[in-house]
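Novice:
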Amino acid sequence: MKQAYIVKAYRTAVGKAPKGVFRFKRTDELAAETIQHMMKELPDFDKKRIDDVIVGNAMPEGSQGLNMARFISLIGLNSVDVPGVTVNRFCASGIETIGIATAKIQSGMADCIIAGGAESMSAVPMTGFKPELNYDTVKAGHEDYYWGMGNTAEAVANQFKVSREDQDEFAYNSHMKALRAQAEDRFQDQIVPIDVEQTYIDNNGKKATKKYTVTKDEGPRKGTNLEALAKLRPVFAQGGSVTAGNSSQMSDGAAFVMIMSEDMVKELNLEPIARLVNYAAAGVEPRIMGIGPVKAIPKALKQAGLKQDDLELIELNEAFASQSLAVIRELDLNPDIINVNGGAIALGHPLGCTGAKLSVQLFDEMRKRNMTGKYGAVTMCVGTGQGACGIFEFLN
Numbered sequence: 032m033k034q035a036y037i038v039k040a041y042r043t044a045v046g047k048a049p050k051g052v053f054r055f056k057r058t059d060e061l062a063a064e065t066i067q068h069m070m071k072e073l074p075d076f077d078k079k080r081i082d083d084v085i086v087g088n089a090m091p092e093g094s095q096g097l098n099m100a101r102f103i104s105l106i107g108l109n110s111v112d113v114p115g116v117t118v119n120r121f122c123a124s125g126i127e128t129i130g131i132a133t134a135k136i137q138s139g140m141a142d143c144i145i146a147g148g149a150e151s152m153s154a155v156p157m158t159g160f161k162p163e164l165n166y167d168t169v170k171a172g173h174e175d176y177y178w179g180m181g182n183t184a185e186a187v188a189n190q191f192k193v194s195r196e197d198q199d200e201f202a203y204n205s206h207m208k209a210l211r212a213q214a215e216d217r218f219q220d221q222i223v224p225i226d227v228e229q230t231y232i233d234n235n236g237k238k239a240t241k242k243y244t245v246t247k248d249e250g251p252r253k254g255t256n257l258e259a260l261a262k263l264r265p266v267f268a269q270g271g272s273v274t275a276g277n278s279s280q281m282s283d284g285a286a287f288v289m290i291m292s293e294d295m296v297k298e299l300n301l302e303p304i305a306r307l308v309n310y311a312a313a314g315v316e317p318r319i320m321g322i323g324p325v326k327a328i329p330k331a332l333k334q335a336g337l338k339q340d341d342l343e344l345i346e347l348n349e350a351f352a353s354q355s356l357a358v359i360r361e362l363d364l365n366p367d368i369i370n371v372n373g374g375a376i377a378l379g380h381p382l383g384c385t386g387a388k389l390s391v392q393l394f395d396e397m398r399k400r401n402m403t404g405k406y407g408a409v410t411m412c413v414g415t416g417q418g419a420c421g422i423f424e425f426l427n
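Residues in the sequence shown are numbered from 32 upward in steps of one, following the numbering used here.
Here you go:
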């Protein structure tokens, strides 16, 4: 089996949705500009040697439809020669693409693939524009297949006895870690500057344009405190514990990696950043989808021939504080190595982008900590009752 190595990894900052800094930016443009930034570091590389562009997206309709990956390839690479395919495993879409790309290269079906994810929840809302349920399934007693994510978070909180106080404290810590990371410029090296042009009608009724560049995640809130979080009302259930404050933020963003075969890496004299050791997805009950990583992490570790103690850093997507805490407790994970720079509650969760975004963050943090030869994980729950986990070895 051939080896596949990640040689480039970048992301955009994450904007709030639907009224944040990227509300005037198309998803395909966010993705294309991230790829263009990546390609600038390989000025002499023939783009025709890229075998595919694989893009994860959770809501592939509207401006994200029509196989958006192909348009991202056309715009981002300015070439008709590189194909593109859009992949959807909801919140795991971004890391699913890395798994697919790695497997194709390992099997000899490709030598170079750009993989990642992009999502604008400003452009396409959660569940899309016109969801259609299978009512025969609902009548058969499976209405939980279609539960909203907040309802599943309440179910996890109840079943796994995660208190409101613990959820709020977890959310507070996410913001504090993210704010500290921003103050220390922990994200600076991984973020691609994105130019935005906003057209609007000014006070005189005339068309005007405002231009700005986005280089910083929009989500972390400096004024966050436990008292304010405790005052927020439950959103999804009367007497519940899940609030807007202890849930992830709706977001916009893009993230991509470039993966090459060992032969191509040697030919181009590149230094690989990391390699995907294993990727696994697992199924759980849809009503408690948030515990998906409880099955996915052990599955990925077993297939990789590793133990939980081999993991030095973990990026666990904070869909909700309730499910994050349930996963940590059920697997007895070390909280000190999880989301060391904050998570989705503070930094945002751009659905199909998230798996790739967390991978980029993992590599960069492992580099800063000189973790050559060490292992890290990216994991998340997935709507409709799934979990996903990628195990990476950091190389340089």
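Glycine is no exception: its CB is placed at the ideal position from the N, C-alpha and C atoms.
Measure the CB-CB distance between V118 and I81 and report whether it falls below 8 Å.
Specialist: no
Novice: Have a look at P329 and Q339 and give me their C-alpha separation to the nearest angstrom.
Specialist: Looking at the two C-alpha atoms, the distance is approximately 8 Å.
Novice: Can you tell me whether I232 is buried or exposed? The criterion is at least 16 other CB atoms within 10 Å of its CB, across all chains shown.
Specialist: exposed
Novice: Determine the closest residue to Q198 out of E258, D59 and A48, with distance taken between C-alpha atoms.
Specialist: E258
Novice: For S279, which of helix, strand or coil comes out of DSSP?
Specialist: coil
Novice: Just verifying my parser: in three-state terms, what is the DSSP assignment at D197?
Specialist: helix
Novice: Can you list, in chain order, the residues of its chain with a C-beta nearer than 6 Å to that of N401? Leave out the 5 residues immediately preceding and following it.
Specialist: none
Novice: Let me know if N235 comes out buried or exposed under the rule of 16 or more other beta-carbons within 10 Å of its beta-carbon.
Specialist: exposed
Novice: Taking the Cβ atom as the reference point for each residue, do G416 and G314 lie within a distance shorter than 8 Å?
Specialist: yes
Novice: Answer yes or no: do T246 and P265 have a C-beta to C-beta separation smaller than 8 Å?
Specialist: No, these two residues do not count as a Cβ contact at 8 Å.
Novice: Once the 5 residues before and after E228 are set aside, which same chain residues still bring their CB inside 8 Å of it?
Specialist: F55, T240, K241 and K242
Novice: Measuring alpha carbon to alpha carbon, tell me which residue in K237, R211, D142 and A352 is nearest V194.
Specialist: The amino acid at residue 194 is misidentified as Val; the sequence shows Ser. When each option's Cα is compared against that of S194, the closest is A352.
Novice: Short of 7 Å in beta carbon distance, which residues of its chain neighbour A202, apart from the five on each side in sequence? Order them along the chain.
Specialist: Hits under 7 Å: L260, G276, N277, A352 and I376.
Novice: Is it the case that the Cβ atoms of D283 and S153 are separated by a distance below 8 Å?
Specialist: Taking C-beta atoms as the reference points, D283 and S153 count as a pair closer than 8 Å.
Novice: Can you tell me the Cα-Cα spacing of A171 and E316, whole angstroms?
Specialist: 16 Å
Novice: Could you tell me if F160 is buried or exposed, where buried requires 16 or more neighbouring beta carbons within 10 angstroms of its beta carbon?
Specialist: exposed
Novice: Rounded to the nearest angstrom, how far is the Cβ of R101 from that of G87, given a contact under 8 Å?
Specialist: No, R101 and G87 are not in contact; Cβ-Cβ is about 14 Å, not under 8 Å.
Novice: Could you name each continuous beta strand (DSSP E) segment of 3 residues or more that falls completely within the segment 64–129, going from the start of the chain to the end?
Specialist: 83–87 and 115–118
Novice: Grouping DSSP H, G and I as helix and E and B as strand, with all else coil, what is F394?
Specialist: helix
Novice: Any contact of the segment 289–302 with the segment 404–415, i.e. 3+ C-beta pairs under 8 Å?
Specialist: no
Novice: Hey, L347 and V358 are a contact pair by Cβ (cut 8 Å); roughly how many whole angstroms apart?
Specialist: 7 Å
Novice: For the alpha helix (DSSP H) that contains V360, what are its first and last residues?
Specialist: In the sequence on display, residue 360 carries Arg and not Val. Residues A352 to L362.
Novice: Any heavy atom of the ligand ADP closer than 7 Å to the Cβ of D395?
Specialist: The model depicted lacks the ligand ADP and carries no ligand whatsoever.
Novice: Sort out for me which residues DSSP pairs K238 with in a bridge.
Specialist: I232
Novice: Does DSSP put N309 in a helix, a strand or coil?
Specialist: strand
Novice: Let me know if E424 comes out buried or exposed under the rule of 16 or more other beta-carbons within 10 Å of its beta-carbon.
Specialist: buried
Novice: On the CB-based measure, 16 or more other CB atoms within 10 Å of its CB, does M281 come out buried or exposed?
Specialist: buried
Novice: Among G179, L97, G250 and A312, whose alpha-carbon lies nearest the alpha-carbon of P49?
Specialist: G250
Novice: From A35 to K326, what does the alpha carbon distance come to, in whole angstroms?
Specialist: 26 Å
Novice: Please look up how many angstroms separate the CB atoms of T410 and P324, rounded, as I've assumed it's under 8 Å.
Specialist: 4 Å
Novice: Residues in its own chain within less than 8 Å of V308 by CB, not counting five upstream and five downstream?
Specialist: A335, L337, Y406, I422, F423 and E424
Novice: Ends of the beta strand (DSSP E) at M180?
Specialist: Here M180 belongs to no beta strand (DSSP E); instead the alpha helix (DSSP H) covers M180 to Q190.
Novice: Among residues of its own chain, excluding the 5 on either side of E60, which ones have a beta-carbon nearer than 8 Å to its beta-carbon?
Specialist: I106
Novice: Just list the beta strand (DSSP E) runs in the segment 367–413, keeping only unbroken ones of 3 residues or longer that don't cross its boundaries, in chain order.
Specialist: Runs of the beta strand (DSSP E) lying entirely within the segment 367–413, each at least 3 residues long, are 406–413 in chain order.
Novice: Under three-state DSSP, which class holds V227?
Specialist: In this structure, V227 counts as strand in the three-state DSSP scheme.
Novice: Note down the Cα distance separating S355 from K135, rounded to an integer number of angstroms.
Specialist: 32 Å
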